[in-house]
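Accompanying notes for the structure given below.
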Amino acid sequence: MHNDYLIELAGSYYRTIYSLPNQGIDIRIGILNPKLEDFCRRMNIQTWAFLTAYNPGSSLVSLQKNNLANTKLQSTIMSKGYNLIEGIGVPDESDQWKPEPSFFIWNIDLEEASNVAVRFGQKAFVYGCTNILPSIIWIQPD
């Protein structure tokens, strides 16, 4: 049962579109995206993370709790001096999840992004670098 859940969860992450609506960019895992590459070049973005604080532990929680957590995530990111833009994780229609407001964080290294994801109870997040395909980074439980 547990393995089936993890396989289903992984499928949900891979089917999700990680969207930057104001930039007209949709990020998909493992797929080259010339618009994203161009945006990163223009903005001098070497690395990035796409993070949310919604539904920690991949467990559905109330909209109020999700919004509060995401506000705290935004404050945390900004207090560390990172630039960010708002994004949204848009799940596939076949998945149980609803769209999740998220943040595209510029020039954050993998270790720092992982630490932030752990702090906000996330099982995974999306990470990318210049000339590297977007990837899911899984957080190992303690």
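Each position in the sequence shown, counted from 1, maps to that position plus 977 in the numbering used here. From the three backbone atoms N, C-alpha and C, an ideal C-beta is built for every residue, glycine too.
Check, Outcome
"Using only alpha-carbon positions, find the residue among CYS1017, GLY1066, ALA1090 that is nearest to ASN1032.", "GLY1066"
"May I ask you to report which of helix, strand or coil DSSP gives PRO1011?", "helix"
"What is the DSSP secondary structure of SER1091, reduced to helix, strand or coil?", "helix"
"What is the C-beta distance between ASN1084 and THR1024, in whole angstroms, given that I count them as a contact (C-beta under 8 Å)?", "6 Å"
"Tell me whether the beta-carbon of TYR995 lies closer than 8 Å to the beta-carbon of ILE1004.", "yes"
"For ASP1086, which of ILE1002, ILE1054, ALA987 has the nearest alpha-carbon?", "ILE1054"
"DSSP state of PHE1016, grouped into three classes?", "helix"
"Can you find a heavy atom of the ligand ADP that lies under 7 Å from the Cβ of LEU1040?", "With respect to small molecules bound, the structure shown includes none, and the ligand ADP cannot be examined in it."
"Taking Cβ to Cβ, would you say ILE1114 is nearer than 8 Å to SER1091?", "yes"
"Nearest to PHE1081 by alpha carbon, out of SER1039, ILE1008, GLU1014, TYR1104?", "TYR1104"
"Rounded to a whole number of angstroms, what is the C-alpha to C-alpha distance between LYS1042 and LYS1075?", "15 Å"
"Could you check if THR993 is buried or exposed, using at least 16 other CB atoms within 10 Å of its CB as the buried criterion?", "buried"
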